[in-house]
Each structure stands twice: as structure tokens, then as C-alpha cells.
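Under the working numbering, residues 6 to 221 are what the sequence shown spells out, in order. The block underneath contains the structure these notes are about, expressed in C-alpha cells.
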Amino acid sequence: MKLMAINGSPRKTWNTATLLKKALKGAASQGAETELVHLYDLNFKGCISCFACKIRGGKSYGRCAVKDNLRPVLEKIATADGLILGSPIYFGIVTGEMRSFMERLLFPYFTYTDPPQSLAPKQMPTGFIYTMNITEELMKEWGYQQLFDNNQRLLQMAFGASESLCSFDTYQFKDYAKVVADRFDPEQKARRRREVFPQDCDTALAMGARLARTPG
Ligand SMILES: Cc1cc2nc3c(=O)[nH]c(=O)nc-3n(C[C@H](O)[C@H](O)[C@H](O)COP(=O)(O)O)c2cc1C
């Protein structure tokens, strides 16, 4: 069983990466081989609309034809047994890099047939981990749930199964005293980091273990 995780945060040791690492630890506890890819290490773009992945009988049918840093990652995912994406929320959606990655990963797999079909080489369990500054209450008020549901539906359409995990009210800066951010109470943020974030880590650990046990 090989589980891959994709970090859509520019930060390699902060909230999103920490939760992804916990998920991989959970998967490893079930004997899975794991790998974490940091998207911001890679030089790549989103879908360029070449449609090589859709050409009848074409040599790239069902596969992204673009040759850049993302290609080996997409090839590895095609042979993996499980996949977890992770992204901070930037202006109400996933980061630009995560969005570009999702275009390249998913568009080649979806056919313009009726009904649409998935050309993914295999079905596998998938998960999505989101981290964000706002509270769960505000997330609901601001309608973020629709984004999470939509991404879950896309991953389900491509790979068969998907689940989501949210970490709210994250700790954003190393030192709150140094930034202009009066809206946040540094002590409340630190308390949440101490008391709630470890629970989110446990939830991520359990998610990774569950995905590793789920047959593709
Ligand atoms: C450019 C930018 C935009 C952001 N926009 C939002 C937002 O719309 N909603 C939100 O809840 N948090 C927002 N945040 C906060 C991050 O989502 C949050 O701090 C996240 O946990 C960071 O993940 P990381 O620690 O893995 O980098 C934003 C942060 C940045 C840098």
C-alpha cells in the first residue's frame, strides 16, 4: 500500500504540512509506504487546455501530456493506492498551486461522455485536509462548506471515495506581537494551538490509518 500526500501550502512545517505528516504517520502505522510532495518545490502550471488527454486514440489519452516538474508526481499518483491533498484556505479557496495541481490531476481523468466516466488507472481512497484562520462557525456562515463538498465530489468521481478534514482557527504567525493583526487575540490563538490543534492532529492520524486500511 502506497499513500501519497500533497502539500499545497508554501510552508513545509506549519499547519497543513503538520497535519499531512500526521496522516502519513497514521498510514505508516498500518504498514503503508508514504511520500509527501511539497507543491511549492515544483515548477509547474495548471491545465493549459491542450486537450491531448482527450484525443481519440491519442498517446496521452487519459493522461496529462504536459512535461514539467509535476509530471513525475502525477505518474507516481497513478500507481499509488491512496492520496491525501492538503491546503490552507486563501481568500475562501485552496491555494493557487493546489488549484493548478487539481486541474492537472483530475481533468485528464474525466471524460466528456454522458454519463461522465473516470479514466483513473485505479480506484483508491482519498482525503483532503484544509487549514484556515476562521472559526468553524464563520466557515459555515461564509459558505466554505460548498468548496469542501465540491472537491470531495471531484475526488469521488475520479477515484471512488473521499473524505475531508478541517482545522479551524489556526496559528498563523511565529510571533503575533510583531504583526499588525489586532483582530486576533494572541493568547486565544496560542491556547487553541495548544489544546485543539493536537486533536486535529489525532484526527489526521486516524484518517491516514483509515485510508491505508481501505481497499482501493
Ligand atoms: C494569502 C493568504 C490568504 C488567506 N485567506 C484566508 C481566508 O480566506 N480564510 C481563512 O480562514 N484563512 C485565510 N488565510 C489563513 C490561512 O488559511 C491559515 O493561516 C492556514 O492555516 C495557513 O496554513 P499553513 O500554516 O499550512 O501555511 C490566508 C492566508 C494567506 C497567507
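No residue lacks a Cβ here, since even glycine has one placed at the ideal position from N, Cα and C.
### Query
Taking 7 Å as the cut-off, does the CB of Ser34 come closer than this to any heavy atom belonging to ligand 1?
Proximity of the beta carbon of Ser34 to ligand 1 is not indicated: no heavy atom of the ligand is located closer than 7 Å.
### Query
What separation, rounded to the nearest whole angstrom, lies between the Cα atoms of Phe202 and Leu152?
In a straight line, the C-alpha of Phe202 is about 22 Å away from that of Leu152.
### Task
Consider the C-beta atom of Ile94 and the heavy atoms of ligand 1; say whether any pair is separated by less than 7 Å.
Correct: Ile94 has its Cβ closer than 7 Å to ligand 1.
### Task
Less than 8 Å between the CB atoms is what I'm expecting for Gly13 and Thr21, so what's the real figure, rounded?
That pair is a contact at about 7 Å.
### Query
Cβ of Thr208 versus every heavy atom of ligand 1: is any distance shorter than 7 Å?
Flag unset: Cβ of Thr208 not near ligand 1.
### Query
Smallest Cα separation from Lys81: which of Met6, Ala33, Gly97, Leu25?
Considering only alpha carbons, the answer is Met6.
### Message
Could you tell me the alpha carbon to alpha carbon distance between Met73 and Leu210, rounded to whole angstroms?
### Response
A small fix is needed here, since residue 73 is Asp in this sequence, not Met. Their Cα atoms are separated by approximately 32 Å.
### Query
Does the distance from the C-beta atom of Met144 to that of Ala85 stay below 8 Å?
No, these two residues do not count as a Cβ contact at 8 Å.
### Any non-hydrogen atom of ligand 1 within 7 Å of Lys22 CB
A small correction: the amino acid at residue 22 is Ala; Lys does not occupy that position in the sequence shown. Flag set: Cβ of Ala22 near ligand 1.
### Entirely enclosed alpha helix (DSSP H) segments - the stretch 59-108, minimum 4 residues
Complete alpha helix (DSSP H) runs here, min 4: 75-84.
### Query
Which one of Arg104, Leu216, Pro113 has the shortest CA to CA distance from Lys64?
That would be Pro113, whose Cα lies nearest to the Cα of Lys64.
#### Entry: Inter-stretch contact (C-beta, 8 Å, three-pair minimum) for the stretch 118-133 and the stretch 162-178
Segments in contact, yes.
### Message
Let me make sure I understand the geometry here. Which of Asn155, Val184, Lys26, Ala70 has the alpha-carbon closest to that of Ile98?
### Response
Nearest option by C-alpha distance: Asn155.
### Query
In this structure, what does DSSP give as the bridge partners for Phe133?
Leu90, Ser169.
### Task
Would you tell me roughly how many angstroms separate the C-alpha atoms of Asp207 and Glu200, rounded to the nearest one?
If I take the Cα positions, the gap works out to 12 Å.
### Query
Taking the continuous alpha helix (DSSP H) assigned at Thr21, which residues delimit it?
Per DSSP, Thr21 is one residue of the alpha helix (DSSP H) stretching across 20-33.
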